[in-house]
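Trainee: Numbering (this note's numbering), first residue to last: 14 to 436.
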RNA sequence: GGAGAGGUGGCAGAGCGGUUGAAUGCGGCGGUCUUGAAAACCGUUGUCCGUGCAAGCGGACCGAGGGUUCGAAUCCCUCCCUCUCCGCCA
């Protein structure tokens with residue numbers, strides 16, 4: 014959520030920035046400023062009324078003490094009128110505030126100046142590419158076929174007990190999952206991230222804090238009886254650790270990592286290219302989350318990108334990094350780098366990580382602030398990234414490393430899996 | 001799940017209808033004293049909103065949301081949470 018004061022002070026900049034998302038926010042931004050102005054007017058009048066009411070109440074108290082009953086009764090009548098007025102104003106104020114917040118929720122984050130203009134993923138900018146795409150010849154199998162052949166992932170069994178998009182990992186497949194999770198966590202911890210294990214369900218306030226609510230309600234699984242949501246990513250619980258907090262500057266950088274399963278309804282997004290592990294309702298992911306001083310958040314973003322690079326390089330997977338264009342950028346993000354691995358049998362790039370700087374957009378909703386050198390409270394910057402999401406990494410590992418002898422496990426993973434080949 | 005107790009400032013802990021935004025203690029910050037430190041003493045110390053160049057002024061906030069009242073931290077209702085005992089249980 015953008016700050017009204019920021020919109021007022023940088024109106025043209027905000028409009029220009031948001032145009033990169035292919036929207037023209039001018040009207041709604043104007044409405045926001047009008048709504049805020051109205052809010053202030055009502056607030057002022059309401060406060061004046063309450064001030065008068067408070068004054069009269071004190072006088073009544075004094076008059077009673079002095080035994081001046083009649084005078085007190087006269088004042089009482091006056092206060093009743095004021096109270097009615099105050100109630101009306103309070104209702105108006107609440108309504109205006111609701112309207113204002115409703116408008117603010119509609120405005121996405123302003124893209125960073127470096128974000129390229131563009132409509133969709135075709136306009137994303139490839140900024141880095143690494144590794145050789147293996148040539149598997151004409152008989153290469155897609156990962157879902159390999160999964161079946163080696164009996165390591167059972168999609169049908171998942172359908173039986175839960176439904177589509179909930180695979181069962183078996184045998185060497187299950188051990189590979191565990192190996193990857195541990196490998197990622199170890200690497201993240203070595204890079205200075207503190208390991209956390211958050212709950213996998215979150216309450217409503219947390220959903221609002223990171224921006225899943227109110228808009229993307231349909232994307233999360235909701236447990237109505239207890240009004241809890243299954244997390245779509247560890248970003249939600251981990252970032253919300255810091256909701257309603259005032260950090261001190263020496264707390265920076267805050268660096269957390271967490272493994273969690275992620276649950277996504279993916280309503281409406283089923284279709285082509287979602288076979289096998291490409292898109293799931295439940296998948297495993299190791300996340301990194303940072304809270305940073307605004308002056309250093311882009312440096313932090315670069316560090317995160319460099320760190321994720323090392324993970325994919327260690328796994329010997331060909332990958333590229335794309336900078337998302339305005340049209341493809343997530344609602345809350347100011348700048349996002351996507352990591353995509355090459356899936357050699359599908360001959361497709363698969364997104365395995367998304368590393369973003371949200372600047373103060375989430376922090377504003379979270380009320381996540383810090384005290385600067387002058388003891389002034391300012392919004393912190395939040396960032397996060399996958400390091401990494403498992404399914405598509407597994408898909409690429411299976412496809413790229415297949416041979417007649419089985420599927421080769423990258424050297425760094427062998428101490429974690431305990432085997433060198435899936436066979 | 002059953003029974004009981006309770007949620008007050010960074011923490012501890014009073015207040016239980018009217019100068020109470022809140023006693024007191026601890027902590028924090030500033031100062032006096034000291035070669036330095038400690039102790040002692042003095043002062044200061046919540047958040048958000050509105051208004052103002054500022055000093056200031058005004059409003060809201062004692063778990064959350066409603067209600068009663070001229071007036072609520074104090075009374076009533078609903079919800080949430082914590083603790084103790086019992087039950088169940090990995």
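Here a beta-carbon is modelled for each residue, glycine too, at the ideal position from N, C-alpha and C.
1) Taking contact to mean at least 3 C-beta pairs separated by less than 8 Å, is the stretch 355-365 in contact with the stretch 233-246?
2) In the DSSP assignment, find the unbroken alpha helix (DSSP H) run with residue 49 in it and report its ends.
3) State the start and end residues of the unbroken beta strand (DSSP E) segment that holds residue 165.
4) Quick check on DSSP: helix, strand or coil for residue 278?
5) Nearest to residue 426 by alpha carbon, out of 47, 197, 111, 94?
6) Report yes or no: do the stretch 43-50 and the stretch 147-155 share at least 3 C-beta pairs separated by less than 8 Å?
7) Decide if residue 143 is buried, meaning its Cβ has at least 16 other Cβ atoms within 10 Å, or exposed.
8) With 16 as the cutoff for other CB atoms within 10 Å, does residue 305 come out buried or exposed?
9) Among 424, 156, 402, which has the Cα closest to the Cα of residue 247?
10) Could you tell me whether the Cβ atoms of residue 122 and residue 335 are closer together than 8 Å?
11) Taking residue 379 as the reference, give the member of 222, 131, 81, 169 with the closest Cα.
12) Between the stretch 415-426 and the stretch 209-220, are three or more C-beta pairs nearer than 8 Å?
13) Which of helix, strand or coil does DSSP assign to residue 332?
14) Can you round the beta-carbon distance between residue 95 and residue 75 to whole angstroms, since I take them to be within the 8 Å contact cut?
15) In whole angstroms, what separates the C-alpha of residue 383 from that of residue 261?
16) How many whole angstroms separate the CB atoms of residue 157 and residue 288, which I take to be in contact at a CB cut-off of 8 Å?
17) Can you give the beta carbon distance from residue 243 to residue 290, rounded, assuming they're within the 8 Å contact cut?
18) Which same chain residues, not among the five before or five after residue 414, have their C-beta less than 7 Å away from its C-beta?
19) Alpha helix (DSSP H) containing residue 88: first to last residue?
20) Does the distance from the C-beta atom of residue 356 to that of residue 398 stay below 8 Å?
21) Check this for me: beta carbons of residue 307 and residue 369, under 8 Å apart or not?
22) Assuming residue 276 and residue 295 are in contact, meaning their beta carbons sit under 8 Å apart, how far apart are those beta carbons, in whole angstroms?
23) Have a look at 358, 315, 406, 375 and flag the residue whose alpha-carbon is nearest the alpha-carbon of residue 330.
Mentor: Walking through what the data contain:
1) Output reads no: the stretch 233-246 does not touch the stretch 355-365.
2) Its alpha helix (DSSP H) spans residues 39-78.
3) From DSSP, residue 165 is part of no beta strand (DSSP E); its letter is neither H nor E.
4) Judged by DSSP in its simplified three-state form, residue 278 adopts coil rather than helix or strand.
5) Ranking the options by Cα distance to residue 426, first place goes to 197.
6) In this structure the stretch 43-50 does not touch the stretch 147-155; the number of beta carbon pairs closer than 8 Å is below three.
7) Per the 10 Å Cβ criterion, exposed.
8) Label assigned to residue 305: buried.
9) With distances taken between Cα atoms, residue 247 lies closest to 402.
10) No.
11) Closest in C-alpha terms to residue 379, from the list 222, 131, 81, 169, comes 222.
12) With a cut-off of 8 Å, the stretch 209-220 and the stretch 415-426 do not count as touching, because too few Cβ pairs lie within range.
13) Residue state, collapsed to three classes: strand.
14) With a Cβ gap of about 18 Å, residue 95 and residue 75 do not count as contacting.
15) Computed Cα separation, rounded: 5 Å.
16) Yes, they are in contact, since the Cβ atoms of residue 157 and residue 288 sit about 6 Å apart, within 8 Å.
17) Rounded, the Cβ-Cβ distance is 19 Å, inconsistent with contact.
18) Within the same chain, residue 414 has close Cβ partners 420, 421.
19) Its alpha helix (DSSP H) spans residues 82-117.
20) Not closer than 8 Å, so no.
21) Against a cut-off of 8 Å, the Cβ pair of residue 369 and residue 307 comes out as no contact.
22) That pair is a contact at about 5 Å.
23) Closest option to residue 330, Cα to Cα, is 406.
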